[in-house]
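If you count by my numbering, then the sequence shown holds residues 26 to 130, one letter each, in order.
Heads up: the structure comes next, in structure tokens.
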Amino acid sequence: MISRACAPPQNSANTTCLDIRSPDQFGNKYFVDLENRQGLFHSDQDLYEDPMTRGVVGSFAEDQELFIEKFVFAVTKMGQLDVLTGTEGEIRANCSVRNPRTPLS
Numbered sequence: 026m027i028s029r030a031c032a033p034p035q036n037s038a039n040t041t042c043l044d045i046r047s048p049d050q051f052g053n054k055y056f057v058d059l060e061n062r063q064g065l066f067h068s069d070q071d072l073y074e075d076p077m078t079r080g081v082v083g084s085f086a087e088d089q090e091l092f093i094e095k096f097v098f099a100v101t102k103m104g105q106l107d108v109l110t111g112t113e114g115e116i117r118a119n120c121s122v123r124n125p126r127t128p129l130s
């Protein structure tokens, strides 16, 4: 499915929906899809296939309120991380590579 939706590598502006059942709604359908073996990426589907994380997938697929509760907790916790600002941090031009050092840095 993804190979049909994505353009050749030279066009990185192409996108696809990660949740084809409910793309405009926030909820637990991602986990329901994993249980139905309909994860978009192998790495996503591995969350269900791995015995260590299968229970979490099942819990979230079965209970949307639990998923939302845990999501809110996780996002809140991420928001409390110390963010590096000014000269202590950087906004990367390419997320997977540090920016080149300049004479001032």
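Glycine included, C-beta positions come from ideal geometry on N, C-alpha and C.
The structure displayed is predicted, hence computed values, not measured ones.
Using a 10 Å radius around the Cβ and a threshold of 16 neighbouring Cβ atoms, would you call residue i buried or exposed?
i, result
"Asn53", "buried"
"Asp107", "exposed"
"Asp58", "buried"
"Val82", "buried"
"Ala86", "buried"
Just how far apart, CA to CA, sit residue i and residue j?
i, j, result
"Gly104", "Gln63", "31 Å"
"Phe51", "Ile116", "28 Å"
"Ser68", "Phe56", "13 Å"
"Ile93", "Thr40", "25 Å"
"Thr101", "Lys95", "10 Å"
"Asp88", "Val122", "38 Å"
"Ser148", "Met77", "Residue numbering for the chain in the displayed model covers 26 to 130; residue 148 lies beyond these limits and cannot be assessed."
"Leu91", "Arg79", "15 Å"
"Ser84", "Asn61", "14 Å"
"Thr127", "Asp49", "42 Å"
"Ala99", "Glu113", "25 Å"
"Ile45", "Leu109", "36 Å"
"Gly111", "Val97", "28 Å"
"Gln70", "Cys120", "24 Å"
In the DSSP assignment, find the unbroken alpha helix (DSSP H) run with residue i in it and report its ends.
i, result
"Asp71", "His67 to Glu74"
"Val57", "Lys54 to Glu60"
Note down, in chain order, each residue of its chain lying with its Cβ closer than 7 Å to the Cβ of residue i, except the 5 sequence neighbours on either side.
i, result
"Leu43", "Leu65"
"Asn124", "Glu115, Arg117 and Ala118"
field: Complete alpha helix (DSSP H) runs within the stretch 85 to 118 (minimum length 4 residues, chain order)
entry: 89 to 104
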